[in-house]
C-alpha cells in the first residue's frame, strides 16, 4: 500500500523525471533515512506524535527573492499564505514587494549580514566594523527598499549574529519600526534571538532548512521533519529558497497538509501564537505611537 507521502513524491518524481527518486518512493522510509542528513536544525524529541489534538501551525519563509521576477512569481503562486523574504538591493525588490503585498501575502526584508566564510554580501550589508550611526542607517535604508515589509530575517550572518553589540543595535532599530525578527540560525552560536527576546521584540527562530540539499528526497525529508516538530510543539518555521526543486515539491505537498491537520499561516501569525505576551507589547507600542504628540 502506497502511503500519502509516497504518492506525493511519486507525483513530484513524474514531474521531474527522476528515476532514482522513483526507487526511493517505493522503498521504506526508515529512521536511518530520516537522520542521514546532518544540519544545524534544532534536535526534536523522537516521540511518536499520533493522536495529537492541539492545532498544528507551520510557517514557510522563502528567502533570496528579488533578482528573478518570473521565478519569484511562480513562488508567489504557491497555494498557501507563504511568507516572502526579499533581498533589499535585488533588482526587483520594490516591485516584487508590492506584488506580494497586493496578493495578500506577507513580505519580509532578507537583510544581508557578515558571514564566517568571507562570502560577498552585496551592497548595504551589515558588518561588524560599522559605527552605530552607519549601522542604523544601513538597516533603515534596507527596510525602505522593501515596502510593506512586516519583519526581517538575516541573509547569511553566521559571523555577525554571534556578536551581541550589533545585534542589540539591530533589534533596537527593528523595534523602533514595529517589525518582527526571525533568526535564520545560520550558526548554532547565534545570539540574535536571545537579544531580540531581551528587547521584548516580536521574534522567533528557524526550525528547519528545507533545501540545503536540493534533491527532492532531501527536501521531503526536511519537510517531514518540520511537520513532526510542529506536531510536538504546535508550531514550526521552515526556510527555503525559490529553487525549481523546492517549488515543485511545495506545489505538490501543500494541498495535502489539510488531511494531516496542518495549517500554513504567515510567520507573523505564527509568532503571535508562540508569543502572545510580546504581541500585546507590540500592540501597546503601536497604540502609543498612534496617540503620541506630532
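Residue numbers (the numbering used here): -6 to 287.
For each residue, glycine too, the CB sits at the ideal point set by N, CA and C.
Reduced DSSP secondary structure (H/G/I, E/B, other) of residue i
i: residue 132; result: helix
i: residue 111; result: coil
i: residue 203; result: coil
i: residue 278; result: Below a pLDDT of 50, predicted positions are generally treated as unreliable, and residue 278, at 44, falls in that range; the measurement from the model is reported next regardless. If DSSP states are grouped into helix, strand and coil, residue 278 belongs with the helices.
i: residue 179; result: coil
i: residue 125; result: helix
i: residue 80; result: coil
i: residue 73; result: coil
i: residue 118; result: coil
According to DSSP, residues forming a beta bridge with residue i
i: residue 254; result: According to DSSP, residue 254 bridges with nothing at all.
i: residue 142; result: 100
i: residue 49; result: 255
i: residue 105; result: 148
i: residue 293; result: Because the chain is modelled from -6 through 287, residue 293 falls outside the range shown and cannot be assessed.
i: residue 163; result: None; residue 163 has no bridge partner.
Where the beta strand (DSSP E) containing residue i begins and where it ends
i: residue 175; result: 173 to 176
i: residue 151; result: Per DSSP, residue 151 belongs to no beta strand (DSSP E) and is neither H nor E.
i: residue 196; result: 196 to 198
Extent of the continuous alpha helix (DSSP H) run through residue i
i: residue 65; result: 62 to 69
i: residue 92; result: 86 to 95
i: residue 241; result: 237 to 246
i: residue 214; result: 209 to 226
i: residue 262; result: 260 to 267
i: residue 170; result: First-last for residue 170: undefined, no H or E at that position.
i: residue 190; result: 185 to 191
Contact set for residue i: own chain, Cβ-Cβ below 7 Å, skip 5 residues either direction
i: residue 64; result: 235
i: residue 250; result: 257
i: residue 188; result: 157, 160, 161, 164
i: residue 212; result: 203, 204, 238, 239, 242
Proximal residues to residue i (C-beta, below 8 Å), its chain only, five neighbours per side dropped
i: residue 231; result: 51, 52, 53, 54, 199, 200, 201, 202, 203, 215, 216, 219
i: residue 112; result: 149
i: residue 227; result: 47, 48, 49, 50, 266
Near the ligand ADP: residue i beta-carbon under 7 Å from a heavy atom
i: residue 243; result: The ligand ADP is not among the ligands present in this structure, which contains no ligands whatsoever.
6 Å Cβ shell around residue i - same chain, five flanking residues per side excluded
i: residue 141; result: 90, 94, 100
i: residue 59; result: 79, 80, 83, 85, 86, 89
i: residue 243; result: 71
i: residue 247; result: 72, 73
i: residue 152; result: 107, 108, 109
i: residue 132; result: 166
Should the segment 74 to 83 be regarded as contacting the segment 166 to 173, the criterion being three or more beta carbon pairs within less than 8 Å? no
Is the segment 102 to 122 touching the segment 140 to 150, taking contact as three or more C-beta pairs under 8 Å? yes
Check whether the segment 155 to 164 and the segment 122 to 133 are in contact - that is, three or more C-beta pairs closer than 8 Å. yes
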